[in-house]
Every structure is written in structure tokens, then in C-alpha cells.
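As C-alpha cells, the structure follows; a few thoughts come after it.
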Amino acid sequence: MALLFVAPKSYADRIITYAIDSKRTEVSISWHYLGVPTEGGAFSGVTGFIYGNLDHPEKSWAEARIPVKTFDSGWSIINHRLVKSGDFFQTKQYPEIIFRSHSIDTVNKKSRELSLSGELSVNGIVRPMTLFAETAAVGPHPFYGDANAASLRAVTRFRRSEFGMDKFMGMVSDEIVVNLTVEALVVKN
Numbered sequence: 001m002a003l004l005f006v007a008p009k010s011y012a013d014r015i016i017t018y019a020i021d022s023k024r025t026e027v028s029i030s031w032h033y034l035g036v037p038t039e040g041g042a043f044s045g046v047t048g049f050i051y052g053n054l055d056h057p058e059k060s061w062a063e064a065r066i067p068v069k070t071f072d073s074g075w076s077i078i079n080h081r082l083v084k085s086g087d088f089f090q091t092k093q094y095p096e097i098i099f100r101s102h103s104i105d106t107v108n109k110k111s112r113e114l115s116l117s118g119e120l121s122v123n124g125i126v127r128p129m130t131l132f133a134e135t136a137a138v139g140p141h142p143f144y145g146d147a148n149a150a151s152l153r154a155v156t157r158f159r160r161s162e163f164g165m166d167k168f169m170g171m172v173s174d175e176i177v178v179n180l181t182v183e184a185l186v187v188k189n
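Count the sequence shown with full-length UniProt numbering and you get residues 1 to 189, in order.
Below, the structure written as C-alpha cells:
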């Protein structure tokens, strides 16, 4: 069960800027290898901002930057193949994965669920992307000295071949599943 915080009344119907906490945010990816869905790893050091309107979530948007070199699968050979070899991520030319939202398509205030449409940029290739998110908590956070914060979970999927990563097709699935856990703190407005 998620701990839900109560948003301050001073936030009524206005855009609040949240800075993503890079130490408490993780983006994990997973794929199938020879049909078994057991492979994956995570990126850390995610930065960016969420511009949220608590009364009218449809007015909200976000931008996140994910440093590719932070990927860790727990296997040095996979880390090398994905990040350093150039066979998958073109880390030298494109050191970041970037997501920018441009609209919220659906909002369910009761369940705190929404879909966030935008663009994902990987290896310099930009494609449309939709994140399906659940806002877990908004308001004073007890672990941040009661600073106002927001946390959310999101999931999406994409085809790696659409971003120029088509090595080992057949052995390794084309579809990549992305799970995000995000914590963000209010920036003084």
C-alpha cells in the first residue's frame, strides 16, 4: 500500500516544479534472452524536472535525462556489450537517453493513474513514447525533513530496433520493458 501525502493548499491550480532526485530514482530495463525473460539491468543518476499541476494533472509535463554509462546489469560482459562496444548504445555520440513529455492523455484522479505521451531519444533517434504512471505520493516527505515531494512509478515498452539497436535479433528480444521509480523534490518557485 502506498503512503499518500497531502498536497499543501498553496499548490492549488498552479504548476509546481519538482527536481528529480537522482539518488532515489531508478530506470530499469528488461528483455528476453532465448525466450526467457530474465535479463536486464538499471540506469542511475537520472536528472530532470516534473512540472506538475495537482488540481489539473493534464497541465503537467516532464523531462528526464538518463546517463547511458550508468547502466549496470550485474554482468561486466553485458555492460560492455551494451554500453561500450557501440553495438547497442552509441554512448560517445549520445551519452544520454532523453524523455520529454508533451501531453497527458488520460488521468484517473481517484486511482492516481495517468498516461504521459512524449518523445524518447536514444542514439540520436527520436520516437513517440507513452509512459503509464501511478503517482504514489505527493506532499511533505518524512525522509526529506518534510520537504514537499512527489513519487511515482511508471512503465513503458519499446522496440530496440527502432533506435538502431538490432544486434543479436532472434536471440535477444526486440521488445524492451522499462520500469521507472521516481522521487522528486519541490524546487523553490
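Glycine is no exception: its CB is placed at the ideal position from the N, C-alpha and C atoms. Being a predicted model, the structure only gives us computed values, none of them experimental.
Beta-carbon contacts of residue i that lie in its chain and below 8 Å, excluding the five residues immediately before and after
i, result
"Arg153", "Ala133, Glu134, Ala136, Asn179, Leu180, Thr181 and Val182"
"Met169", "Ser161"
"Arg159", "Asp174, Glu175 and Ile176"
CB contact flag (residue i, residue j, <8 Å)
i, j, result
"Ile20", "Asn53", "no"
"Leu116", "Thr130", "yes"
"Glu39", "Ser28", "no"
"Glu150", "Ile50", "Note that residue 150 is Ala in the sequence shown, not Glu. The answer is yes: Cβ separation under 8 Å."
"Tyr18", "Ala184", "yes"
"Phe163", "Asn123", "yes"
Which residues DSSP lists as bridging residue i, in chain order
i, result
"Phe89", "Note: Phe89 sits in no beta bridge, so no partner."
"Leu114", "Val107 and Ala133"
"His141", "Ala147"
Distance between residue j and residue i (C-alpha atoms, nearest Å)
i, j, result
"Gly35", "Lys167", "16 Å"
"Gly118", "Phe143", "31 Å"
"Gly48", "Val68", "15 Å"
"Gly45", "Glu63", "14 Å"
"Ile104", "Arg81", "35 Å"
"Lys59", "Thr156", "21 Å"
"Ser111", "Asp13", "19 Å"
"Gly74", "Val187", "34 Å"
Own chain residues within Cβ distance below 7 Å of residue i, not counting five before or after
i, result
"Ile98", "Arg65 and Ser121"
Residue i, buried or exposed, once every other Cβ within 10 Å from all chains shown has been counted against 16
i, result
"His141", "buried"
"Asn148", "buried"
"Met165", "buried"
Cutoff 6 Å; reference residue i; Cβ partners in own chain excluding five residues on either side
i, result
"Phe43", "Val27, Ile66, Thr70 and Phe71"
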